[in-house]
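Peer 1: Protein chains in written order, with the numbering used here: chain A, 1 to 434; chain B, 1 to 434.
Yeah, the Cβ is synthetic: ideal placement off N, Cα and C, and Gly gets one too.
Protein chains: 2
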Amino acid sequence: MSPLKVAILGLGTVGTGVARILLEHPDRISRRAGRPVQLVAAVVRNLEQPRDITLPTGTLTDDPDQAFADDVDVIIQLIGGINPALNLMQRAITSGKDVVTANKALLCEHGGDLFQLARKHGRCISFEAAVAGGVPIVAGIGQALSANQLSSIEAILNGTSNFILSEMLADRKSYRQVLKLSQDLGYAEVDPTLDVDGTDAAQKLVILTQLAFGTRVTLDDFARQGIDMLDLADLLYAHELGYRVKLLAVAKRVDDHLEMHVQPTLVRADRPLARTSGPRNTIALQGDAVGKLWFSGPGAGQMPTASAVVADLIDVATGRAAATFQQLDLWHDQQPIPVLPAEEIKHRYYLRFNVVDRPHVFADIAAILGRHDISLASIIQHEAPETFPEGHDEVVSVVVMTHRTSAGQLRAADRELDQLTSVVPPRIRMPVSN
Amino acid sequence: MSPLKVAILGLGTVGTGVARILLEHPDRISRRAGRPVQLVAAVVRNLEQPRDITLPTGTLTDDPDQAFADDVDVIIQLIGGINPALNLMQRAITSGKDVVTANKALLCEHGGDLFQLARKHGRCISFEAAVAGGVPIVAGIGQALSANQLSSIEAILNGTSNFILSEMLADRKSYRQVLKLSQDLGYAEVDPTLDVDGTDAAQKLVILTQLAFGTRVTLDDFARQGIDMLDLADLLYAHELGYRVKLLAVAKRVDDHLEMHVQPTLVRADRPLARTSGPRNTIALQGDAVGKLWFSGPGAGQMPTASAVVADLIDVATGRAAATFQQLDLWHDQQPIPVLPAEEIKHRYYLRFNVVDRPHVFADIAAILGRHDISLASIIQHEAPETFPEGHDEVVSVVVMTHRTSAGQLRAADRELDQLTSVVPPRIRMPVSN
């Protein structure tokens, strides 16, 4: 059978991993693809940059046209960000190529248009590697659970954040200390903003939500908050209460709405999500037929992500990708499901107040919460030290777990709590996963 | 598009679940299948038996010929055991039908012939539901991890056994007590033999091993042992040592061999496998590109298993099943990988000796183990009660964790241990997962 000809755009970490699998295991790949798979071009910006891999002569090029040559069947688009990735994707599709990509930001922002373009040209876009690296969650939702209507996705989708949270708790270190360590070890980017502020997880959640619920959502439709404001104290209080703090990405059906958010969330310590440590990703799904299902594994990294890219490539070669792409609920024109406004979402909450250590302060807080129908499930206040260190206010923490309440109710209570001179900023608030 | 016509053979628990999904969610299924899916026949042995579902008029029949009619495209074969399931599968394939099945015993024993027959007739056999119920492990290995050579499968594949082990430990009850409870609750069959003696898990392991390693294995190629001889005391000692006892099914590549076994195994308490409680299944995979990956979810039950059957049906409708079936490593003619003889497999071991409570007994045991190069990693001997209950021998347990040793070495030591009059049967031995 004639070989499937493949071009890679972008030979960074993941691109190098993909090339390595294709070049080192041609027998395995061609057996599973049903035909030989031939890497014909790897397009890079800088030909002079030293690389960890030796490509066949004539493959490495700085000329994108080589990827768009008539005899190329599939383009593996691994350039991150929006520009020039968007143009290159469009050009690939209109030139009649199938596309495999790991670019979540692009799919999050322009997936709708790109999918429409691909359908118009009879091509397919595969993107297993865009969400959760080596964990096959896109195939899981799009194929393996196709008999189900999903009702809930709860997921740890950012490995950097999860690594930082795990290390903070394990080593009793501050966010800043662990971030620095992660950067030194190469686990966190030099500019980690998109990882630690929740954007990366939110982009992935947008893709999974559209895949699972067949509705269009954008980053602006739901609240997101990162781990960059977290204090070790709250991780320790959560631990004491039998929980772990995780950067949880959630999309679930609540009546006729979708509840969506990405935020540090308390998860009961015995749940698989809570037990996900280090840079691992875990996705918990609930479907109407299957019940609860978990996928867990490496959410990033060179070879895990390359594993997902090459699986997609094999799916293109066998025709599975084309069959799947036609039927995906993703960016199809289905009944839209409105996203619940953040104010109306109900959670149990973890609240921490820093209070001046004197009588009646907690009574004042409890009275305000009570007036707003926020009832308390548990309270922790540790005994204050006999003497406070010199120069420190006599301030102690009071931690409260509430019963289910809406963000709106809490915000109303906040206005009264702001008036209490005995409560010292910041007040900490995190939702608790059910 | 013309509907895909489907017949179900066997309308038991799972068959009823499949019919329910098809009849209750026709829009969802046809959207994802790319065409309507029509249930045209459900073949049962006894038409008079009361059923939880009302089928369209003319669908319920006791005449198998109705399933093999020319216009039927797919047969969902849900009759368990070998006969008449084997004949019905062969007839389905030779009549030009694609087949979806959940029958692990049949695939374990006759998969090779059935796959060959299907390839010859250009048909496909899909069997996601045969292993781990609603957990998409067949698609996981066969598709999502197709870029990888797997090196290891470690799995909890029998929900009944796992439920019993979880309950024994949680409630401090004996195997017999929990088995009875499970049967009363309907979690265990009236005849639970195949579940609790390891056969069911071993059949599933045979299927996964052939899928992952492309080599032929049979139930006779490896050791299996069930949970039916387990004593609560060993679950408690394991717990004390920081482990859980799980009925673990293992297939892993060791140099040029496969190591395979199904047996109660100590698993470190913090591993996802150890934390799988109740009837859940968990599969831990290791691939050369992806690293470690976990799938976990309901391993049995009406709707989870039906979820897997209908996903296969949708794969048949879209053409994915045919594309996959051609390329599967399963029952293909690849290089065979010999299975390591049980005697040569090396493990760390948990050993429990019942010894008469008098001086030097442990020294005798340690000397024998030492002579056979079995070195000890840890030892537990609790203080004996001040007085033994009347009628009881003055016997105490000594628990030992060994370093890596072969079953052959242990068996050689056994011959000497048999001579020690101070060691009382039974001697307990379980391997420890790395």
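Phenylalanine 213 (chain B) and leucine 150 (chain B) - do their beta-carbons sit closer together than 9 Å?
Peer 2: It is a contact, given that the beta carbons lie within the stated cut-off.
Peer 1: Quick one: measure Cβ to Cβ for alanine 223 (chain B) and alanine 342 (chain B), integer angstroms, because I've assumed they're closer than 8 Å.
Peer 2: With 8 Å as the limit, alanine 223 (chain B) and alanine 342 (chain B) qualify as a contact, their Cβ atoms being about 5 Å apart.
Peer 1: For histidine 372 (chain B), count the other beta carbons within 10 Å of its own beta carbon; 16 or more makes it buried, fewer makes it exposed. Which is it?
Peer 2: Histidine 372 (chain B) comes out buried.
Peer 1: For a test of the three-state rule: what should DSSP assign to asparagine 281 (chain B), helix, strand or coil?
Peer 2: Correct three-state label for asparagine 281 (chain B): strand.
Peer 1: What ranges does the alpha helix (DSSP H) occupy inside the stretch 323-398 of chain A, keeping only unbroken runs of at least 4 residues that lie completely in it?
Peer 2: Listed in chain order, they are 361-371.
Peer 1: Rounded to a whole number of angstroms, what is the C-alpha to C-alpha distance between isoleucine 21 (chain B) and leucine 106 (chain A)?
Peer 2: Using only the alpha carbons, I get a separation of about 35 Å.
Peer 1: Runs of 3 residues minimum, wholly inside the stretch 39-93 of chain B: which ones carry the beta strand (DSSP E) assignment?
Peer 2: Correct list: 74-77.
Peer 1: What are the partner residues of threonine 215 (chain A), as DSSP defines its beta bridges?
Peer 2: Paired residue(s): none; threonine 215 (chain A) is not in a bridge.
Peer 1: For the alpha helix (DSSP H) that isoleucine 227 (chain B) lies in, which residues bound it at each end?
Peer 2: No alpha helix (DSSP H) contains isoleucine 227 (chain B), which DSSP labels as neither H nor E.
Peer 1: Looking at isoleucine 93 (chain B): is its Cβ nearer than 9 Å to the Cβ of alanine 118 (chain B)?
Peer 2: Cβ distance < 9 Å, so isoleucine 93 (chain B) and alanine 118 (chain B) count as in contact.
Peer 1: With DSSP as the reference, please indicate the residues paired to isoleucine 141 (chain A) in a beta bridge.
Peer 2: The partner list for isoleucine 141 (chain A) (beta bridge, DSSP) is empty, contrary to what the question assumes.
Peer 1: Counting only C-beta atoms, is alanine 323 (chain B) closer than 9 Å to chain A at any point?
Peer 2: It does: the Cβ of alanine 323 (chain B) has a partner Cβ on chain A nearer than 9 Å.
Peer 1: Distance check for threonine 57 (chain B) and alanine 42 (chain B), CA to CA, integer angstroms please.
Peer 2: So the two alpha carbons sit approximately 11 Å from each other.
Peer 1: Just how far apart, CA to CA, sit serine 182 (chain B) and glycine 12 (chain B)?
Peer 2: Looking at the two C-alpha atoms, the distance is approximately 20 Å.
Peer 1: Consider the Cβ of isoleucine 8 (chain A): report whether some Cβ of chain B lies at a distance smaller than 9 Å.
Peer 2: So no, isoleucine 8 (chain A) is outside the interface.
Peer 1: Does glutamine 77 (chain A) have its Cβ less than 9 Å from a Cβ in chain B?
Peer 2: Judged by the 9 Å Cβ criterion, glutamine 77 (chain A) is not in contact with chain B.
Peer 1: Among A:Gly133, A:Glu344, A:Gly408, A:Ala323, which residue has its Cα nearest to the Cα of aspartate 315 (chain B)?
Peer 2: Looking at the Cα atoms, A:Ala323 is the closest of the given residues.
Peer 1: Beta-carbon of proline 304 (chain B) versus every beta-carbon of chain A: anything under 9 Å?
Peer 2: By this cut-off, proline 304 (chain B) is an interface position.
Peer 1: How would you write the range of the alpha helix (DSSP H) that phenylalanine 115 (chain A) sits in, first residue to last?
Peer 2: Counting along the chain, the alpha helix (DSSP H) containing phenylalanine 115 (chain A) begins and ends at 104-120.
Peer 1: Rounded to whole angstroms, what's the CA-CA distance from threonine 282 (chain B) to proline 272 (chain B)? Just pull it up for me.
Peer 2: Each residue's alpha carbon lies about 8 Å from the other.
Peer 1: Between valine 400 (chain B) and chain A, is there a C-beta pair that is closer than 9 Å?
Peer 2: Output row for valine 400 (chain B): interface = no.
Peer 1: Select from B:Ser433, B:Arg404, B:Ile374 the residue whose C-alpha is nearest the C-alpha of alanine 413 (chain B).
Peer 2: If we check each option's Cα against that of alanine 413 (chain B), B:Ile374 comes out closest.
Peer 1: Would the beta-carbon of aspartate 159 (chain B) fall within 9 Å of that of proline 264 (chain B)?
Peer 2: The question names aspartate, but residue 159 (chain B) in the sequence shown is glycine. For glycine 159 (chain B) and proline 264 (chain B), no; Cβs fall outside 9 Å.
Peer 1: Ordered along the chain, which non-local residues of its own chain (more than five positions away) have a Cβ less than 6 Å from that of glutamate 259 (chain A)?
Peer 2: Contacts found: Lys252, Leu340, Ile345.
Peer 1: Along the chain, where does the beta strand (DSSP E) containing lysine 246 (chain B) start, and where does it finish?
Peer 2: Residues 243-254.
Peer 1: Tell me, to the nearest whole angstrom, how far the beta carbon of valine 309 (chain B) is from that of valine 40 (chain B); I am working on the premise that it is less than 8 Å.
Peer 2: In fact, because the Cβ distance is near 16 Å, the residues do not count as touching under 8 Å.
Peer 1: Verify the CB distance criterion: does serine 307 (chain B) have a CB-CB separation below 9 Å to chain A?
Peer 2: Serine 307 (chain B) counts as touching chain A.
Peer 1: First and last residue of the beta strand (DSSP E) that includes methionine 1 (chain A)?
Peer 2: First-last for methionine 1 (chain A): undefined, no H or E at that position.
Peer 1: Work out the CA separation of proline 136 (chain B) and proline 304 (chain B) for me, nearest whole Å.
Peer 2: When rounded, the distance between both Cα atoms is 10 Å.
Peer 1: Judging by CA-CA distance, which residue of A:Trp294, A:Met401, A:His347 is the nearest neighbour of alanine 144 (chain A)?
Peer 2: Of A:Trp294, A:Met401, A:His347, the residue nearest in Cα terms is A:Trp294.
Peer 1: Would you mind telling me which residues of chain B sit closer than 9 Å to arginine 447 (chain A), beta carbon to beta carbon, in chain order?
Peer 2: Chain A is shown from 1 up to 434; residue 447 (chain A) falls before or after that span and cannot be answered.
Peer 1: Please identify the residue among A:Leu4, A:Ile76, A:Asp171 whose C-alpha is closest to the C-alpha of arginine 31 (chain A).
Peer 2: With distances taken between Cα atoms, arginine 31 (chain A) lies closest to A:Leu4.
Peer 1: Does the Cβ of arginine 370 (chain A) have 16 or more other Cβ atoms within 10 Å, making it buried, or fewer, making it exposed?
Peer 2: In the sequence on display, residue 370 (chain A) carries glycine and not arginine. Answer is exposed; the Cβ neighbour count stays below 16.
Peer 1: Between which two residues does the alpha helix (DSSP H) harbouring aspartate 184 (chain A) extend?
Peer 2: Per DSSP, aspartate 184 (chain A) belongs to the alpha helix (DSSP H) from 175-185.
Peer 1: Between which two residues does the beta strand (DSSP E) carrying leucine 454 (chain A) extend?
Peer 2: Absent from the structure is residue 454 (chain A), since the part of chain A shown begins at 1 and ends at 434.
Peer 1: By the criterion of Cβ-Cβ separation under 9 Å, what are the contact partners of glutamine 326 (chain A) in chain B?
Peer 2: Within chain B, the residues near glutamine 326 (chain A) are Gly34, Thr318.
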